[in-house]
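There are 2 protein chains.
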Amino acid sequence: MPKEILFDEEEVLRRATELFWTRGYNATSMDELTRATGLSRSSIYNSFGGKHDLFMRCLRYYVNDQERQLHELAGKMKPVDQRIRAAFQFAVEEILADRMRKGCMMVNTTTEMVNQDKAIAAVAAENMENMEKLFADWIREGQAARDIHTTLAPQVLGRFLFNTYSGLKVYGKTRPDRKPLEDIITVALSVLEGRA
Amino acid sequence: MPKEILFDEEEVLRRATELFWTRGYNATSMDELTRATGLSRSSIYNSFGGKHDLFMRCLRYYVNDQERQLHELAGKMKPVDQRIRAAFQFAVEEILADRMRKGCMMVNTTTEMVNQDKAIAAVAAENMENMEKLFADWIREGQAARDIHTTLAPQVLGRFLFNTYSGLKVYGKTRPDRKPLEDIITVALSVLEGRA
DNA sequence: AAATATTTGGAATGATCGTTCCGAATGTAG
DNA sequence: CTACATTCGGAACGATCATTCCAAATATTT
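Listed in order, the protein sequences are those of chains B and Y.
Residue 140 in my numbering sits at position 139 of the first sequence, with consecutive numbering throughout.
Residue 107 in my numbering sits at position 106 of the second sequence, with consecutive numbering throughout.
Pasting the structure below:
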């Protein structure tokens, strides 16, 4: 009975995410969203609810993708110290390839919306939790393999790595140059070396 | 001949800054600005130009104040290692005292506007330059006093400190708790220790 | 006290905001 | 081929946006 939905939902989500990512929540209008996705107003409201609902879908889409990429990295790159370096190096390449200087959608959203929107704040808190745990798990693994000293607890080092990671996303937005970004990583990762 | 301006310009700037800081550029309306400052629309346009001009004044007001506070700290706290720790500790106290979870206006503005507004991007770049230089100068001073190892160049360590600093402002926005913030600082400042 | 230059409050403007609504289009089921 | 459930395009809605404008208020100078 129902007429089929004609568009590819994931493709729409990808395009909407790209726009929100580039312009932020408040500066993005439904009009721009229709142009970016190719959908009419009605279709967006029908399929995704209003602007806020659509944004939440996009934000989750983004963070899931980000977290998935990092988990995949762990599958390929076994030695933990190399893996951590690879994760940060990957972030640098992403920043340098980002022609629109979008930065990180989660960081952008955090600074723009966390103190004004509880639903968004919840996603931000969850992502922080996940990232800290991911890094902490890697650290624990590296400590067990005696590649990382055990002077500091995995959770503490994980938090530090996540903080450095967020910082890079901000830094790259005003200065997307390889040298300073890699300088920062060099110093940050030196805390994992020796001293055991 | 001229009727006097009845308001205190700095007080107006302070209140407008507080509002932009809390809500960001796009989410702040001229209507809210009139309520926050007590001025009428005409007075704002007369004395400060439009919304964008006023925002630039506020942003400069904010960054000048921030940079001034750090420079003042250097005057009081002579030993460099203690001074750096004090600067980061001060940031933590600021985050914990920030009931509105405003975070850092410069970081917020960077992530919201840098890829959409050249004038703002210029201020962000200038502030980054100043902060890196400030930290680098402190590092150089500490190295000369043999309080900090000389394995890494002042500029490199300065960049790292600035990155950690920015990261904390983001972190504190979603999780304004003392423990994790101080964990991060502990790890970050450990890169300045020994090893010479 | 009168004249003047400026500020001030508030109404008005046109644009744009997010959202709703409805008739037309369209694919499926009988 | 008819009936129907749903999507779709685009007009329309009220609210709000940044900005402009003008008459009233006011402090200084004459």
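All residues carry an ideal CB built from backbone N, CA and C; glycine is no exception.
None of the values given here were measured: they were computed from a predicted structure.
Where residue i meets chain B, residues with beta-carbon distance less than 7 Å
| i | result |
| --- | --- |
| P181 of chain Y | R160 |
| V93 of chain Y | Ordered by position in chain B, no residue passes the 7 Å Cβ test against V93 of chain Y, which lies about 12 Å from the chain. |
| N164 of chain Y | T165, G168, L169, Y172, I185 |
Exposed unless 16 or more other CB atoms sit within 10 angstroms - verdict on residue i
| i | result |
| --- | --- |
| S167 of chain Y | buried |
| T175 of chain B | buried |
| M2 of chain B | With a pLDDT of 48 at M2 of chain B, under the threshold of 50, the modelled position of this residue cannot be trusted; read the value that follows with caution. M2 of chain B is exposed by the Cβ-count criterion. |
| E10 of chain B | exposed |
| F89 of chain B | buried |
| D32 of chain Y | exposed |
| M101 of chain Y | exposed |
| R36 of chain B | exposed |
| A145 of chain Y | exposed |
| T152 of chain B | exposed |
| R1 of chain B | No information on residue 1 of chain B is available, as it lies outside the stretch 2 to 197 that chain B covers here. |
| N116 of chain Y | buried |
| N65 of chain B | exposed |
| F56 of chain Y | buried |
| R24 of chain Y | buried |
| E194 of chain B | exposed |
| G39 of chain Y | exposed |
| A197 of chain B | Confidence at A197 of chain B is low in this model, with a pLDDT of 45, below 50, so its placement is unreliable and no value can be given for it. |
| G51 of chain Y | exposed |
| L97 of chain Y | exposed |
| E133 of chain B | buried |
| R42 of chain Y | exposed |
| R69 of chain Y | exposed |
Partners in chain Y for residue i, counting only beta-carbon separations shorter than 7 Å
| i | result |
| --- | --- |
| M129 of chain B | T175, R176 |
| T125 of chain B | According to the sequence as given, residue 125 of chain B is Ala; it is not Thr. Those within 7 Å of A125 of chain B in chain Y are T175. |
| A122 of chain B | T175 |
Residues that residue i contacts on chain B, provided the C-beta gap is smaller than 9 Å
| i | result |
| --- | --- |
| V157 of chain Y | P181, D184, I185, T187, V188 |
Contacts that residue i makes with chain Y (C-beta to C-beta distance below 9 Å)
| i | result |
| --- | --- |
| V192 of chain B | V188, A189, S191, V192 |
Cβ separation of residue i and residue j, assumed to be a contact under 8 Å, to the nearest whole Å
| i | j | result |
| --- | --- | --- |
| G159 of chain B | F136 of chain B | 4 Å |
| V108 of chain Y | V171 of chain B | 6 Å |
| F1 of chain Y | I185 of chain B | The structure shown does not extend to residue 1 of chain Y, since chain Y spans only 2 to 197, so no value can be given for it. |
| Y62 of chain Y | T18 of chain Y | 6 Å |
| R84 of chain B | A75 of chain B | 6 Å |
| L34 of chain B | L14 of chain B | About 11 Å; that fails the 8 Å criterion. |
| E113 of chain B | E113 of chain Y | 5 Å |
| T29 of chain Y | L60 of chain Y | Not a contact, Cβ separation roughly 12 Å. |
| D99 of chain B | I149 of chain B | Incorrect: roughly 30 Å between the Cβ atoms, too far for contact. |
Next on the checklist: What ranges does the alpha helix (DSSP H) occupy inside the region 4 to 35 of chain Y, keeping only unbroken runs of at least 4 residues that lie completely in it?
Outcome noted: For the region 4 to 35 of chain Y, whole alpha helix (DSSP H) runs of length 4 or above, ordered along the chain, are 10 to 24.
Checklist entry - Between the region 100 to 118 of chain B and chain Y, which residues of the former have a C-beta closer than 9 Å to a C-beta of the latter? => result Per Cβ criterion, the list reads M101, R102, K103, G104, C105, V108, N109, T110, T111, T112, E113, M114, V115, N116, Q117.
Checklist entry - the region 20 to 34 of chain B: which residues have C-beta closer than 8 Å to a C-beta of chain Y, in chain order? => result Per Cβ criterion, the list reads T23, R24, G25, N27, A28.
Item to check | Ordered list of alpha helix (DSSP H) runs contained in the region 29 to 103 of chain B, each at least 4 residues | outcome: Listed in chain order, the alpha helix (DSSP H) elements of length 4 or more contained wholly in the region 29 to 103 of chain B are 31 to 38, 42 to 49, 52 to 77, 81 to 98.
Next on the checklist: To be precise: take each residue of the region 135 to 154 of chain Y, compare its Cβ to all Cβ atoms of chain B, and keep it if any distance is under 7 Å. Which residues remain?
Outcome noted: Residues of the region 135 to 154 of chain Y whose Cβ lies closer than 7 Å to any Cβ of chain B, in chain order: L153.
Next on the checklist: Restricting to runs no shorter than 3 residues, where is the beta strand (DSSP E) found entirely within the region 120 to 154 of chain B?
Outcome noted: Whole beta strand (DSSP E) segments, 3+ residues: zero.
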